[in-house]
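Numbering (the numbering used here), first residue to last: 374 to 749.
Right, one structure below, let's go through it.
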């Protein structure tokens with residue numbers, strides 16, 4: 374049997390994690406498979422030859438992307454040409470829908486099987502994108518059950534595979550062990566997680582640190598831990614801390630240890646909110662976008678919620694304070710009672726965790742290989 378050539382494109386760190394897990398599962402079935410496309414360090418460690426650094430795709434927001442649009446369009450055009458020339462057995466676009474959906478459409482038109490892994494938020498806004506997905510995508514792999522239901526209703530081939538984070542994170546995290554590993558003492562501990570991108574930290578970093586100072590006035594003795602997503606984010610956060618009378622333990626990465634160790638979390642909306650849910654930690658979700666981006670999205674979004682815990686529960690499970698509502702006083706007052714009284718919020722987290730714990734990487738690999746007739 375000829376070796377498989379599999380193309381994958383991931384656009385950010387969360388996609389790199391999913392892509393690496395999928396590649397491992399595919400290699401377990403086809404050890405000689407060749408992987409091409411675009412990915413980060415984890416996917417490259419699994420054997421992907423990346424056409425260019427994944428970071429060039431890591432941009433978020435409607436207004437923010439405009440400054441990079443020419444480069445993104447040029448890279449996408451070159452990638453399509455390269456992949457049509459190299460004729461992979463299957464193309465897997467991992468998240469990054471504004472970049473990947475167009476690639477999938479062009480490749481499918483060229484006779485290449487296409488998979489999209491991680492549904493865009495079509496159920497929430499820009500629902501007409503489902504027409505493009507139906508035209509360009511042979512198979513949609515969703516992380517969440519409510520997404521699969523949406524695609525089934527729209528006639529798109531779909532498989533709910535669960536979430537690899539739900540597989541990796543234990544059903545019960547050991548708080549004491551995590552604190553010991555980080556060298557943190559007993560007592561109330563709040564994790565601050567203002568995001569992994571420079572723009573997010575720029576908009577939320579000072580707000581989160583101001584909230585920490587206010588929270589310390591409300592709850593003397595509370596301590597803070599802040600995992601930095603990269604060396605660049607650490608430098609950015611250290612600059613925000615300069616001149617403040619605030620003791621924060623900064624970590625290089627180790628966001629999962631921070632979540633395991635803490636009592637409550639102040640967190641930016643995004644994948645990290647799912648991680649906090651899986652660690653069963655009460656949270657307050659905050660987010661700010663560029664004002665024009667927020668104004669546009671507010672008029673387009675059909676979902677009443679933005680954070681994954683609320684979308685999965687289909688109810689207001691965790692507080693969401695967005696844009697002008699995300700003030701220091703509101704965040705501190707909402708977070709304070711959760712530090713030692715968040716049980717009501719976290720009661721629904723375990724059921725969601727079990728629903729998502731399906732061995733996602735192997736489920737996804739089976740679905741991809743079934744599509745191209747290479748299952749065994």
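For every residue, glycine included, the Cβ atom is placed at its ideal position computed from N, Cα and C.
In this text the structure is predicted, and so the values were computed from the model without any measurement.
For residue 651, the closest of 585, 491, 386, 538 by C-alpha to C-alpha distance is 538.
Taken in chain order, the whole beta strand (DSSP E) runs of length 3 or more contained in the stretch 434 to 507 are 463 to 467, 486 to 490. The beta carbon of residue 613 is closer than 7 Å to those of 578, 579, 582 in its chain, skipping five residues each way along the sequence. When C-alpha distances from residue 485 are compared across 466, 461, 416, the shortest belongs to 461. According to the DSSP assignment, residue 388 belongs to the alpha helix (DSSP H) that extends over 386 to 402. Residue burial is scored here from C-beta neighbours: residue 517 has at least 16 other C-beta atoms within 10 angstroms and is therefore classed as buried. Residue 720 carries a coil assignment under DSSP once its states are collapsed to helix, strand and coil. Contact fails between the stretch 502 to 509 and the stretch 605 to 624, because fewer than three Cβ pairs, one in each stretch, are under 8 Å apart. Secondary structure of residue 379 (DSSP, three-state): strand. Contact between residue 494 and residue 515 is ruled out by a C-beta separation of about 11 Å, above the 8 Å threshold.
The C-beta separation of residue 410 from residue 446 comes to about 18 Å, leaving the pair out of contact by the 8 Å criterion. With contacts defined as CB atoms closer than 7 Å, residue 641 and residue 573 qualify as a contacting pair. Here DSSP, grouped into helix, strand and coil, assigns residue 655 to coil. Contact check for residue 661 against residue 703 fails: the beta carbons are separated by 7 Å or more. Counted as a single uninterrupted DSSP element, the stretch harbouring residue 516 is not any alpha helix (DSSP H), since DSSP gives it neither H nor E. Rounded to the nearest angstrom, the gap between the Cα atoms of residue 668 and residue 476 is 29 Å. Per DSSP, residue 410 is one residue of the beta strand (DSSP E) stretching across 407 to 411.
For residue 396, the closest of 746, 745, 734 by C-alpha to C-alpha distance is 734. At a Cβ-Cβ threshold of 7 Å, residue 595 and residue 587 do not count as neighbours. In this structure, the alpha-carbon of residue 557 lies about 13 Å from that of residue 632.
Here the stretch 537 to 551 makes contact with the stretch 719 to 729; the two share three or more CB pairs at distances below 8 Å.
If you keep only unbroken beta strand (DSSP E) runs of at least 3 residues inside the stretch 539 to 623, you get 562 to 566, 596 to 601. Here the alpha carbons of residue 513 and residue 715 stand approximately 36 Å from one another. Per DSSP, the continuous beta strand (DSSP E) segment holding residue 638 begins and ends at 637 to 641. The shortest C-alpha to C-alpha distance from residue 473 to any of 721, 388, 701, 570 is the one to 388.
Closest by C-alpha distance to residue 695, out of 686, 709, 710, 671, is 671. Under DSSP, the beta-bridge partners assigned to residue 660 are 695. Contact between residue 377 and residue 418 is ruled out by a C-beta separation of about 19 Å, above the 8 Å threshold. Take residue 725, set aside five residues on each side of it, and the residues of its chain with a beta-carbon closer than 6 Å to its own are 685, in chain order. Following the DSSP letters along the chain, one finds residue 700 in no beta strand (DSSP E), marked with neither H nor E. At a Cβ-Cβ threshold of 7 Å, residue 487 and residue 523 do not count as neighbours.
DSSP lists 601 as the bridge partner or partners of residue 625. Counted as a single uninterrupted DSSP element, the beta strand (DSSP E) harbouring residue 531 occupies residues 531 to 533.
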